[in-house]
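Q: Residue numbers (my numbering): 6 to 348.
1) Could you pull out every unbroken alpha helix (DSSP H) segment of at least 4 residues lying fully inside the segment 226 to 273, listed in chain order?
2) So, helix, strand or coil for residue 347, using DSSP?
3) Assess, as a yes-or-no matter, whether the segment 208 to 215 is touched by the segment 166 to 177 under the definition of 3 or more beta carbon pairs within less than 8 Å.
4) Name the two residues that bound the continuous alpha helix (DSSP H) containing residue 34.
5) Taking the DSSP output, what are the residues bridged to residue 76?
6) In the structure shown, what three-state DSSP assignment does residue 331 receive?
7) CB-CB under 8 Å to residue 92, same chain, minus the five flanking residues each way: which ones, in chain order?
8) Using 8 Å as the threshold, is the segment 95 to 115 in touch with the segment 123 to 139, meaning 3 or more CB pairs across them?
9) What does the Cβ neighbour count give for residue 347, buried or exposed, with the cut at 16 atoms within 10 Å?
10) Could you tell me whether the Cβ of residue 106 comes closer than 8 Å to any Cβ of chain D?
11) Write down the C-beta distance between residue 188 and residue 131 rounded to the nearest angstrom, noting that I regard them as a contact closer than 8 Å.
12) Which residues bound the alpha helix (DSSP H) around residue 120?
13) Which residues mark the beginning and the end of the alpha helix (DSSP H) in which residue 319 is found?
14) Express the C-alpha separation of residue 260 and residue 32 in angstroms, rounding to a whole number.
15) Return helix, strand or coil for residue 2, following the three-state DSSP convention.
16) Just to confirm before moving on: does the CB-CB distance between residue 107 and residue 121 stay below 8 Å?
17) Do three or more CB pairs link the segment 79 to 90 to the segment 42 to 53 at distances below 8 Å?
18) Can you tell me whether residue 279 is helix, strand or coil according to DSSP?
19) Can you determine whether any heavy atom of the ligand MN sits closer than 7 Å to the C-beta of residue 216, and answer yes or no?
20) Output needed for residue 245: all residues of its chain with C-beta closer than 6 Å, excluding positions within five of it in sequence on either side, in chain order.
21) Between the alpha carbons of residue 7 and residue 233, how many angstroms are there, rounded?
22) Reducing DSSP to helix, strand and coil, say where residue 216 ends up.
23) Would you call residue 96 buried or exposed, if buried means 16 or more other Cβ atoms sit within 10 Å of its Cβ?
24) Residues in the same chain with beta-carbon distance under 8 Å from residue 198, minus the five sequence neighbours each way, listed in chain order, please.
25) On a CA-only basis, which of 123, 149 and 165 is nearest residue 143? Give me that one, please.
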């Protein structure tokens with residue numbers, strides 16, 4: 006089973022007691038899990054790549070769907086006050102093998118989910134070297150509404166002030182800030198050359214720790230050392246990952262290049278090389294995301310079913326999803342009859 010969460014969306018302008026139902030990622034994810042369970046899937050992939058975050062409430066709820074009752078994340082404010090966020094005693098709704106996909110652009114709420122599932126030993130996290138490292142909470146204050154500012158000068162808009170008020174911490178005590186989440190299995194990435202993440206931003210808050218929180222880890226071992234070895238062996242022979250590795254190395258060299266040719270033949274050669282590289286990895290760059298090619302044909306908007314078909318074809322070509330399925334197969338074989346575990 007495969008579930009892609011593009012963001013932790015929720016309509017904050019509506020409440021549960023409103024007459025009209027409102028869309029949120031928790032309800033959608035629960036529905037997707039139940040539909041997959043009805044198809045008797047042997048394992049699930051939770052894809053959090055390019056997920057920039059969103060609602061903290063939904064992050065806690067979704068992590069709880071796989072973990073069950075227990076602490077998910079700790080929030081600390083500037084007064085050193087700590088608040089433990091848990092799943093409010095809700096039961097787990099999926100017990101089987103689980104793989105989580107992340108990349109450099111997985112941030113905030115998606116990092117909270119990935120970190121919790123990793124810390125509980127509930128899932129194998131797969132992806133690039135690290136996630137974004139957005140482990141802080143910001144608050145926005147409208148300065149135009151402040152009388153003290155308005156008394157100085159007449160103006161319609163003084164803008165707004167955005168400042169950091171809190172930090173997130175994993176149940177193990179380490180912050181998701183700055184370092185992000187480091188996957189159990191690191192795969193080659195097309196984005197190796199891109200300096201993305203809090204560690205590359207000016208004045209970003211440093212990584213730190215607090216006391217760990219007592220949890221009940223998943224009772225079934227994931228055999229991570231064996232899983233990683235098997236994955237490394239497959240990836241070393243995989244044509245797509247070989248291409249990704251080569252193109253990533255070229256991209257690193259291009260990014261470090263400080264001298265540019267001004268002779269026409271050499272310029273043509275460089276441009277041809279770049280164009281060939283882009284053509285080779287074109288489909289891999291698109292990965293799981295919908296593009297204009299997926300949503301329309303000859304200028305005509307595609308139906309929902311046609312869009313879904315195109316998206317599924319894209320997912321089936323994704324080497325990261327393919328390796329995720331391979332890891333699930335390994336988990337099933339290593340766990341044996343224990344592939345459905347409990348706390």
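All C-beta atoms in this analysis are idealised placements derived from N, C-alpha and C, irrespective of residue type, glycine included. As the structure is a computational prediction, the values presented were derived from the model and not from experiment.
A: Once the coordinates are examined:
1) 229 to 242 and 244 to 261
2) Here residue 347 refers to the residue found at position 342 of the chain shown. Note that residue 347 scores 41 on pLDDT, short of 50, meaning its location in the model is unreliable; the coordinates nonetheless yield the value given after this. Here residue 347 sits in coil by DSSP.
3) yes
4) As a first step, residue 34 must be located in the chain shown, where it is residue number 29. Residue 34 -> alpha helix (DSSP H) spans 30 to 43.
5) Mapped onto the chain shown, residue 76 falls at position 71. Per DSSP, 91.
6) Reading the chain shown from its first residue, position 326 is the one you call residue 331. Helix.
7) Along the chain shown, read from residue 1 onward, the residue named residue 92 stands at position 87. Around residue 92: 65, 66, 68, 69, 72, 73, 74, 75 and 77.
8) yes
9) The sequence position of residue 347 within the chain shown is 342, counting from 1. Any reading at residue 347 must be qualified, since the residue scores a pLDDT of 41, below 50, and its modelled position is unreliable; no value is offered.
10) No chain D is present in this structure, which holds just one protein chain.
11) One-based indexing of the chain shown puts residue 188 at position 183. One-based indexing of the chain shown puts residue 131 at position 126. 5 Å between Cβ atoms; contact.
12) The residue you call residue 120 lines up with position 115 of the chain shown. Run containing residue 120: 114 to 124, per the alpha helix (DSSP H) assignment.
13) For the purposes of this step, residue 319 is identified with residue 314 of the chain shown, where counting begins at 1. Note, residue 319: alpha helix (DSSP H), 309 to 322.
14) Mapped onto the chain shown, residue 32 falls at position 27. Mapped onto the chain shown, residue 260 falls at position 255. Distance between the alpha carbons of residue 32 and residue 260: 43 Å.
15) Any answer about residue 2 is impossible in this case: the structure gives the chain only from 6 up to 348.
16) As a position in the chain shown, residue 107 is number 102, starting the count at 1. As a position in the chain shown, residue 121 is number 116, starting the count at 1. For residue 107 and residue 121, no; Cβs fall outside 8 Å.
17) no
18) Within the chain shown, the letter at position 274 stands for residue 279. Helix.
19) Inclusion of the ligand MN in the displayed structure is not the case, the ligand content being empty and no account of it being possible.
20) The residue given as residue 245 occupies position 240 in the chain shown. For residue 245, where only same-chain residues beyond five positions count, the Cβ hits under 6 Å are 324.
21) Reading the chain shown from its first residue, position 2 is the one you call residue 7. Reading the chain shown from its first residue, position 228 is the one you call residue 233. Each residue's alpha carbon lies about 21 Å from the other.
22) As a position in the chain shown, residue 216 is number 211, starting the count at 1. DSSP places residue 216 in coil when its eight states are reduced to three.
23) As a working note, residue 96 is residue 91 in the chain shown. The residue in question, residue 96, is exposed, as its Cβ has fewer than 16 Cβ neighbours within 10 Å.
24) Locating residue 198 in the chain shown gives position 193, counting from the first residue. So the list reads 253, 256, 257, 259 and 260, once near-sequence residues are dropped.
25) Translated into positions along the chain shown, residue 143 becomes position 138. Measuring from the Cα of residue 143, the nearest candidate turns out to be 165.
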